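The structure appears below as structure tokens.
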Amino acid sequence: MANRMWGGRFSSRPDELMEEINASIDFDQRFYRQDIEASKAHCRMLAERGIISAEDAKRILAGLDEIAREIEEGRFTFSRALEDIHMNVEARLAELIGDAAGRLHTARSRNDQVATDFRLYVRDTVDHIIGQIHALMRALAEKAHAHHAVVMPGFTHLQVAQPVTFGHHLLAYVEMFGRDAGRFADARRRLNESPLGAAALAGTGFPIDREMTAKELGFKRPMRNSIDAVSARDFVLEVLAAAAICATHLSRFAEELVIWSSAQFNFIRLSDRFTTGSSIMPQKRNPDAAELIRAKAGRVIGALVTLMVVMKGLPLAYSKDMQEDKEPAFDALDTLSLSLEVMRGMVADMEPVEEAMRAAAATGFSTATDLADWLVRELNMPFRQAHHVTGRLVALAEERGVDLPDLSLEEMRAVEPRITEDVYSVLGVENSVASRKSFGGTAPENVKRMAEWWLERLAEG
Ligand code: ARG
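With the sequence shown counted from 1, adding 40 to any position gets you the numbering used here.
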């Protein structure tokens, strides 16, 4: 049998292989709800404008509701021969209500239909992801608040640099995830325009009301250009870019959790809920969840690259290439969503090993900058000279195999005679962090205030 949607022009069925490469129903059934909502809005508008009768509209709307129920209850049979969600729904509608079903597709094309459905789907997903990012930020800010004064080494080049607090380090991620949520919100604002009514690409001669359908579907306005409406996929690209950046942040943090939970660092304990044992080595606790989050960034970034490559060089307007936008987008957004959820759980459970962090913070001459700053402040030394003097003291300590606070006053005075007993007050890690009260600095009182600021903002929603 020739296709029932375009059988007029065709006399035989497509090849089986054609069906296999062409059908999208296996994945686009995911947005059946959006497809049905958009069809209902279109139907109501057609009736409102007298393009179809109120009678037919009533039948169509009831039929669409029935189809939604069938799908929800798993009673719907999806057919590959019917290619995609749009034609599956329409064919079922014809079975349910007869000829009136054929009127639904007036002044519409699958091109504006799929663009509309996908925008609605991506919009819903973005809302969900923003909520998940906020939940992760809340978990981080709570940990930061609880541990605002726990001293750990801050690193550059993964070498101990200066003492910071655990809370401060966690709040760095809150800032990053806050910007990620902002990127999703920006993308949402731009994508929230309706392509519906662009029809195949040129608009339609029927007296449709695009404002009405846009409004009903929660879009800000109809898209201004019908060719753009069916051709644009930058809304997916933008969301995938936001997803890729967010996944990159998750991956960096996951890497830190892997490092911190290693026996060599022993900075944190991850819970049983998010670690696994080894089948052969009884002593092991592996940070698998963190490792997987670290790796999954690759998939999300891959999806962005995939769709960029699909879209580059595509002439306007619709080409079937664009059907390839869905699988990578679904996979990337599912992956990000899972990663966010797991990370939130891991953060809520993790506990710092305070003694290990503090001990590590005191290694590597981490308060050398404090010593140089003391020379500047107390002896009015130019910073460059103070840097040099401190460098000599570090070399001396290194030679003797001790830390800076272990050098005697005599040893220090041999390098710089004006140094007094008071210098020891800045060589401890607690003093070091407490002194860093500059805006955005690691002083525990700053960190506590910043954690509170975030928790308040996040509670407002
Ligand atoms: N399944 C198609 C897609 O995902 C729907 C649009 C088909 N349009 C067309 N002219 N063949 O892109």
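Ideal placement from N, C-alpha and C gives every residue a C-beta, glycine not left out.
None of the values given here were measured: they were computed from a predicted structure.
{"Check": "Backbone CA spacing between K477 and R70 [nearest angstrom]", "Outcome": "51 Å"}
{"Check": "Inter-stretch contact at 8 Å, needing at least 3 Cβ pairs: the stretch 374 to 381 / the stretch 301 to 315", "Outcome": "no"}
{"Check": "Identified DSSP bridge partners for E391", "Outcome": "R309"}
{"Check": "Cα-Cα separation between R309 and Y72, rounded to whole angstroms", "Outcome": "43 Å"}
{"Check": "Outcome for H185 when other beta-carbon atoms lying within 10 angstroms are tallied against a minimum of 16", "Outcome": "buried"}
{"Check": "Beta-carbon contacts of P247 that lie in its chain and below 6 Å, excluding the five residues immediately before and after", "Outcome": "R89"}
{"Check": "Alpha-carbon to alpha-carbon, V340 and L257", "Outcome": "28 Å"}
{"Check": "Any non-hydrogen atom of ligand 1 within 7 Å of S6 CB", "Outcome": "The structure shown does not extend to residue 6, since the chain is modelled only from 41 to 501, so the question has no answer here."}
{"Check": "Entirely enclosed alpha helix (DSSP H) segments - the stretch 267 to 311, minimum 4 residues", "Outcome": "274 to 300"}
{"Check": "Cβ-Cβ separation, L498 to M127 (assumed contact under 8 Å), whole Å", "Outcome": "At roughly 44 Å, the Cβ-Cβ gap does not stay under 8 Å, so M127 and L498 are not in contact."}
{"Check": "Local conformation of G431 per DSSP, three classes", "Outcome": "helix"}
{"Check": "Residues that DSSP places opposite N326 in a beta bridge", "Outcome": "T316"}
{"Check": "Candidates P327, G353, L180, of which the one nearest T315 by Cα", "Outcome": "P327"}
{"Check": "beta-carbon Y161 near ligand 1 non-hydrogen atom, thresh 7 Å", "Outcome": "no"}
{"Check": "Nearest-angstrom Cβ-Cβ length linking G103 and I65, presumed shorter than 8 Å", "Outcome": "No, G103 and I65 are not in contact; Cβ-Cβ is about 19 Å, not under 8 Å."}
{"Check": "Within 8 Å, strictly: CB atoms of L347 and I169", "Outcome": "no"}
{"Check": "Where the alpha helix (DSSP H) containing F158 begins and where it ends", "Outcome": "150 to 186"}
{"Check": "For Q172 and A225, the rounded distance between their alpha carbons", "Outcome": "13 Å"}
{"Check": "Every unbroken alpha helix (DSSP H) inside the stretch 351 to 406 [4 residues or more]", "Outcome": "366 to 389, 394 to 401"}
{"Check": "R230 burial status per 10 Å Cβ neighbour count (16 or more: buried)", "Outcome": "exposed"}
{"Check": "Pairwise C-alpha distance: S149 and K183", "Outcome": "51 Å"}
{"Check": "Cβ-based neighbour list, D220, same chain, cut-off 8 Å, excluding 5 preceding and 5 following", "Outcome": "I173, A282, I285, C286, H289"}
{"Check": "Terminal residues of the alpha helix (DSSP H) in which A491 lies", "Outcome": "484 to 500"}
{"Check": "Reference P392, options L122, T205, V279, closest by Cα", "Outcome": "T205"}
{"Check": "Closest Cα partner of A483 within the set H188, E135, C83", "Outcome": "H188"}
{"Check": "Outcome for R159 when other beta-carbon atoms lying within 10 angstroms are tallied against a minimum of 16", "Outcome": "buried"}
{"Check": "Spatial neighbours of A369 in its chain, beta-carbon cut-off 6 Å, leaving aside the 5 residues before and after", "Outcome": "V276"}
{"Check": "N-terminal and C-terminal residue of the beta strand (DSSP E) that M192 is part of", "Outcome": "191 to 196"}
{"Check": "V16: first and last residue of the uninterrupted beta strand (DSSP E) it sits in", "Outcome": "Because the chain in this structure spans residues 41 to 501, residue 16 falls outside the shown range and cannot be described."}
{"Check": "Given 8 Å, three or more beta-carbon pairs between the stretch 151 to 166 and the stretch 228 to 242", "Outcome": "yes"}
{"Check": "Sequence-distant residues of its chain with Cβ nearer than 7 Å to A408 (five each side left out)", "Outcome": "T430, V434, L444"}
{"Check": "Three-way DSSP call (helix, strand, coil) for P445 in this model", "Outcome": "helix"}
{"Check": "Integer Cβ distance of M252 from M85, believed to fall under 8 Å", "Outcome": "5 Å"}
{"Check": "Integer Cβ distance of A131 from L144, believed to fall under 8 Å", "Outcome": "That belief does not hold up - the Cβ atoms of A131 and L144 are roughly 12 Å apart, past 8 Å."}
{"Check": "Which of helix, strand or coil DSSP assigns to R115", "Outcome": "coil"}
{"Check": "With 16 other Cβ atoms within 10 Å as the buried cut-off, status of A242", "Outcome": "exposed"}
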